[in-house]
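Colleague:
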Ligand code: ATP
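Residue numbers (our numbering): 16 to 255.
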């Protein structure tokens, strides 16, 4: 069996002195896979994403990415290694233009990598989201909600992740924009990007993910192929 891209073992994560939020999470994500992560509000999905992308140091357990132990790595170190998070909500720099937003995100890469990659990746981003090319000199704060979400995703993509963590990419968006976002994820997978995607809207996610994990009260309540988890079983896993 080949080594997974991401291997998470017995991960325990919490905030400050509080009881842990995640009580020993284990799963693997294969190269090229889009793995879905679902669960009710407060189940711990965002906490898991933070722990995987350097925002929160696990109390115990292991996060191994491409064979390398990542526990406690900073967000910047995670980005350099290829793990990039698209957090919940639109994260754009409102007083700056679309192009400046992309350039600032690209600066998180090393200077040499930036020079080599930014032009290529910028082309890819504008190909995926032609509206951003049209609006490249417009202030990000003046974009619609859907366009801001596309720009947020573009800012993550420009960092050339191997593993993209997406926290509710379709939250609050019109169905037509949701479809655009998912179409772009499909194109990015064809470019070799792997993904872990959190959604409240498990139906939309199920169409894109081969496998899903259901998180309940900080534990994995169910996991498996999307077809095996659909319907009643998914509901049971959600609600206990
Ligand atoms: P949602 O779908 O509402 O975003 P979620 O599954 O992503 O939910 P988390 O945001 O990971 O859940 O929250 C899990 C638990 O961790 C909740 O009980 C929440 O109150 C707690 N929590 C989240 N952030 C913090 C924080 N900064 N400090 C303390 N507790 C927190």
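Beta carbons are placed, not taken as given, at the ideal position from N, Cα and C, and that holds for glycine.
For clarity, every value in this text was computed on a predicted model and none was experimentally measured.
(1) Do residue 107 and residue 155 have their CB atoms nearer than 8 Å?
(2) Closest to residue 90 by CA distance: which of 111, 135, 120 and 196 is it?
(3) Do the CB positions of residue 27 and residue 39 come within less than 8 Å of each other?
(4) Check residue 209 in the structure and name its three-state DSSP category.
(5) Roughly how many angstroms lie between the CA atoms of residue 35 and residue 200, to the nearest whole one?
(6) Would you tell me roughly how many angstroms separate the C-alpha atoms of residue 149 and residue 189, rounded to the nearest one?
(7) Please classify residue 32 as buried or exposed, where buried requires at least 16 neighbouring CB atoms within 10 angstroms.
(8) Which of the three DSSP states, helix, strand or coil, is assigned to residue 218?
(9) Could you give the C-beta distance for residue 186 and residue 58, rounded to a whole number, given that I count them as a contact under 8 Å?
(10) Kindly indicate which residue of 44, 37, 23 and 30 has the alpha-carbon position closest to the one of residue 17.
(11) Determine whether the beta carbon atoms of residue 2 and residue 209 lie at a separation below 8 Å.
(12) If distances are taken between C-alpha atoms only, which option among 41, 50, 48 and 21 comes closest to residue 68?
(13) Going by Cα to Cα distance, which pick from 207, 183 and 111 is closest to residue 218?
(14) Could you tell me the boundaries of the alpha helix (DSSP H) in which residue 227 lies?
(15) Give the straight-line distance between the Cα atoms of residue 66 and residue 142, rounded to the nearest whole angstrom.
(16) Excluding the 5 residues flanking residue 152 on each side, which residues of the same chain have their C-beta closer than 6 Å to its C-beta?
(17) Whose CB is closer than 5 Å to a heavy atom of the ligand ATP? List the residues in chain order.
(18) Determine the direct distance from the alpha carbon of residue 205 to that of residue 144, and round the result to whole angstroms.
(19) So, with DSSP's three-state summary, where would you put residue 173?
(20) May I have the straight-line CA-CA distance separating residue 30 from residue 76, to the nearest angstrom?
(21) Confirm the yes/no value for this check: CB of residue 103, any heavy atom of the ligand ZN, distance under 7 Å.
(22) How long is the line joining the alpha carbons of residue 23 and residue 164, rounded to whole angstroms?
Modeller: So, to answer that:
(1) Result yes, Cβ atoms of residue 107 and residue 155 sit closer than 8 Å.
(2) Looking only at 111, 135, 120 and 196, the smallest Cα-Cα distance to residue 90 is reached by 120.
(3) In terms of Cβ geometry, residue 27 and residue 39 form a close pair [threshold 8 Å].
(4) It is a strand residue.
(5) The straight-line gap separating the alpha-carbon atoms of residue 35 and residue 200 is approximately 32 Å.
(6) In this structure, the alpha-carbon of residue 149 lies about 20 Å from that of residue 189.
(7) In summary, residue 32 is exposed, with fewer than 16 beta-carbon neighbours lying within 10 Å of its beta-carbon over all protein chains present.
(8) Under the three-state reduction of DSSP, residue 218 is assigned to helix.
(9) The Cβ separation is near 15 Å, so there is no contact.
(10) In this structure, 44 is the residue among 44, 37, 23 and 30 with its C-alpha nearest to the C-alpha of residue 17.
(11) This structure gives no information on residue 2, because the portion of the chain shown stretches from 16 to 255.
(12) Nearest C-alpha to residue 68: 21.
(13) Of the listed residues, the one whose Cα sits closest to residue 218 is 183.
(14) If you look at residue 227, you'll find it isn't in any alpha helix (DSSP H); it sits in the beta strand (DSSP E) that goes 226–231.
(15) Whole-angstrom Cα-Cα distance: 32 Å.
(16) Sequence-distant Cβ neighbours of residue 152 in its own chain, meaning closer than 6 Å and more than five residues away, are 112.
(17) For the ligand ATP, residues qualifying as neighbours are 30, 36, 56, 57, 58, 59, 60, 61 and 62, where qualification means a beta carbon closer than 5 Å to at least one of its heavy atoms (chain order).
(18) One C-alpha to the other measures close to 16 Å.
(19) Coil at residue 173, not helix or strand.
(20) Rounded to whole angstroms, residue 30 to residue 76 spans 16 Å at the Cα level.
(21) Among the ligands in the structure shown, the ligand ZN does not appear; only the ligand ATP can be found there.
(22) Taking the CA atoms as reference points, residue 23 sits about 28 Å from residue 164.
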